[in-house]
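Participant:
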Amino acid sequence: FMRRPLDEFVGEEKGITDAWDLLSPRLGALRKSRLVSVARLRSAYIRLCLQDVHDPHNIGACLRSAEANGLQYVDFVNIFQKFAKTSSTTSRGANHWLDLSRFTQQKIYIEGLRARGYKIAAAYPSGSSYQLETLPIDQPLAILLGNENAGLDESWDQHIDYKFSIPMYGITESYNVSVSAALILYSLTQRTRREIDPSRVLLNEEDQKAVLNRWMARHSRNLEKELAVLRRSVKTNEQSLS
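Here it is, written out as structure tokens:
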């Protein structure tokens, strides 16, 4: 999946595969157990895509909703605007637990989704074929939300598999994008975990371990130095046992 990491959100993990094994012994038992439990519930079945969402507080709130609902992947596709930085206050650190990617080429992003079997579902205020509660969930979904003011660019139209809306009963015509994200992700998370086989919804063991590695890598201040020391220690211990 061609992607460029959001360095300002994620940091660099540099392909490290042993961070969890080497660094997790430093964690308290409860903390370590908590991270393992959360990783086991992580899902790539639903992923969130934000097109040209620019308000840092909206971005932060969307990330918080995604993380709280067990998503692992959030994508940013910016067709018109530069990438915005998130609000650490609003996201409450959720960005550290997610894999975030950014794209400036819509075509590349869509090809990546299709290669991984995703259907694209987009939220619209009206004129949709589905309501949120009737949106098909038999295939993995990429949920597409548009810019706060302009909405989704019309260039998406030919690529969208499902257009859906969130029921509303007031005079206001639409929800704020971050509120929409929260409502949509909660509803779909509940439905998929209730109706779809967990082996399809949840990350497999290999991907869970990769997630744990990335989490540990992101939360180490001097990652390479710490790992180098620990690797030498492991090598020395192995030599003494031979």
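Numbering (the working numbering), first residue to last: 5 to 246.
C-beta atoms are modelled at their ideal positions from N, C-alpha and C, and glycine is treated no differently.
From a predicted model like this one, the values you see are computed outputs, not experimental measurements.
Going by CA-CA distance only, name the one from Ala98, Asp142, Ile164, Ser169 that's closest to serine 132.
Facilitator: The shortest C-alpha separation from serine 132 is found at Ser169.
Participant: Would you report the Cα separation of aspartate 165 and isoleucine 147, rounded to the nearest angstrom?
Facilitator: About 11 Å.
Participant: Take isoleucine 141 as the anchor and find which of Ile200, Asp103, Gln109, Asn153 has the nearest alpha-carbon.
Facilitator: Of the candidates Ile200, Asp103, Gln109, Asn153, the one whose C-alpha sits nearest the C-alpha of isoleucine 141 is Ile200.
Participant: Just the C-alpha distance for valine 40 and glycine 174, rounded to the nearest angstrom, thanks.
Facilitator: About 42 Å.
Participant: Assuming tyrosine 113 and lysine 167 are in contact, meaning their beta carbons sit under 8 Å apart, how far apart are those beta carbons, in whole angstroms?
Facilitator: Wrong, their Cβ atoms sit about 18 Å apart, outside the cutoff.
Participant: Please name the residue, chosen from Ala33, Leu27, Val42, that lies closest to glutamate 209 on a Cα-to-Cα basis.
Facilitator: Among Ala33, Leu27, Val42, the Cα nearest to that of glutamate 209 is on Val42.
Participant: Using the Cα positions of isoleucine 188 and threonine 108, report the straight-line distance between them to the nearest angstrom.
Facilitator: If you take the alpha carbons of isoleucine 188 and threonine 108, they lie about 25 Å apart.
Participant: Is it buried or exposed for threonine 176, if we count other Cβ within 10 angstroms and need 16 for buried?
Facilitator: Burial call: exposed.
Participant: How about glycine 74 and arginine 46: are their beta carbons less than 9 Å apart?
Facilitator: Contact: yes.
Participant: Do you know offhand how far threonine 21's Cα is from aspartate 211's?
Facilitator: Their backbone Cα atoms lie some 11 Å apart in a straight line.
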